[in-house]
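Each residue of the sequence shown is one higher than the last, beginning at 53 in my numbering. Note that beta-carbon positions come from the ideal geometry of N, C-alpha and C, so glycine has one too.
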Amino acid sequence: PRQFNDAQQIVIAAAGTVVNLLLAALALALVFLKRPPFRAAINELLIQFTWISLLNALVVYPVLDLISGINGDWTQMYSFSVPSLSLAILVIHVVILGTLLWAWRSASMRARVARLTGGAPGFRRMGTARRATGARDAGTSPAEQTLRDAATRVASGWPAPVEAAVQNGRHGAALVLSWGDGALRRSVIAAAPENGGIEFSGALRPDGLAPEQRPLGRDPGALDADRLTMMLRLAMETVEGWTPSADVGSRTTDVGRLE
Numbered sequence: 053p054r055q056f057n058d059a060q061q062i063v064i065a066a067a068g069t070v071v072n073l074l075l076a077a078l079a080l081a082l083v084f085l086k087r088p089p090f091r092a093a094i095n096e097l098l099i100q101f102t103w104i105s106l107l108n109a110l111v112v113y114p115v116l117d118l119i120s121g122i123n124g125d126w127t128q129m130y131s132f133s134v135p136s137l138s139l140a141i142l143v144i145h146v147v148i149l150g151t152l153l154w155a156w157r158s159a160s161m162r163a164r165v166a167r168l169t170g171g172a173p174g175f176r177r178m179g180t181a182r183r184a185t186g187a188r189d190a191g192t193s194p195a196e197q198t199l200r201d202a203a204t205r206v207a208s209g210w211p212a213p214v215e216a217a218v219q220n221g222r223h224g225a226a227l228v229l230s231w232g233d234g235a236l237r238r239s240v241i242a243a244a245p246e247n248g249g250i251e252f253s254g255a256l257r258p259d260g261l262a263p264e265q266r267p268l269g270r271d272p273g274a275l276d277a278d279r280l281t282m283m284l285r286l287a288m289e290t291v292e293g294w295t296p297s298a299d300v301g302s303r304t305t306d307v308g309r310l311e
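Written out as structure tokens, the structure is:
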């Protein structure tokens with residue numbers, strides 16, 4: 053059989069790690085470059101995949117190879133039988149680990165990831181975010197909490213900043229999502245009356261003028277965060293296509309049929 057030289061053996065040993073790096077790079081590109089971005093849950097999954105993949109490939113496997121003495125891929129890559137090639141791998145290894153450390157500590161990066169994943173800032177947010185949510189939920193009704201959850205999810209996937217406000221009145225809870233610039237603000241209102249269902253409406257508020265509000269429809273289904281998130285997204289896309297004119301009402305769409 054054909055014998056591989058030292059350089060070829062190092063390249064073959066590095067192939068698996070290179071595949072992991074390419075997959076992680078693809079996942080990050082989908083999270084940070086896709087427009088409009090994925091839903092928060094998908095971005096969260098891609099971020100977690102990237103961290104797990106890179107930590108396994110660049111930390112766990114090299115350490116296991118070192119302490120086990122099995123002469124695995126990393127032992128071959130760092131054999132320095134071809135010094136220039138092993139040195140290049142070492143430099144790339146250190147640069148990637150340094151970048152991961154920077155991303156872990158960077159407040160701006162944590163904030164950006166939080167916007168894309170709909171969570172509190174920081175990669176260490178999972179446990180503390182759940183505890184904070186639990187404390188915040190104690191004084192809210194189930195309908196109000198469902199509206200808040202859906203608002204967070206739909207806002208994280210919208211290409212522009214979205215302001216969310218939830219009100220809990222005598223006849224039920226209501227959510228208002230607003231976005232746009234000072235010249236034209238757009239809003240979607242989702243009201244959850246105590247007798248069930250969700251009533252949707254949209255509004256345009258040109259600068260200096262009274263807001264124009266039009267009904268979007270009613271969903272008679274039970275209040276569910278997943279379904280509500282989809283309905284809110286469809287309602288926002290409808291309102292995004294409106295223009296501030298007298299025929300805004302002709303552009304309304306029954307949200308209940310946007311499935």
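{"Check": "Whole-angstrom distance between A79 and L106, CA atom to CA atom", "Outcome": "11 angstroms"}
{"Check": "Cβ-Cβ distance between L118 and L149 below 8 angstroms", "Outcome": "no"}
{"Check": "Start-to-end residues for the alpha helix (DSSP H) that takes in Q61", "Outcome": "58 to 85"}
{"Check": "Range covered by the beta strand (DSSP E) that runs through D233", "Outcome": "224 to 233"}
{"Check": "Cα-Cα separation between D125 and A66, rounded to whole angstroms", "Outcome": "7 angstroms"}
{"Check": "Classification of F252 by the beta-carbon crowding that lies within 10 angstroms, buried from 16 upward", "Outcome": "buried"}
{"Check": "A187 in three-state terms, based on DSSP", "Outcome": "With a pLDDT of only 42 at A187, under the threshold of 50, the placement of this residue in the model should not be trusted; the figure read from the coordinates follows. It is helical."}
{"Check": "Coarse secondary structure for F252, derived from DSSP in three states", "Outcome": "strand"}
{"Check": "Stretch-stretch touch, CB-based, cutoff 8 angstroms, three pairs: the stretch 199 to 209 with the stretch 278 to 290", "Outcome": "yes"}
{"Check": "N-terminal and C-terminal residue of the beta strand (DSSP E) that G221 is part of", "Outcome": "215 to 221"}
{"Check": "DSSP state of D276 mapped onto helix, strand, coil", "Outcome": "coil"}
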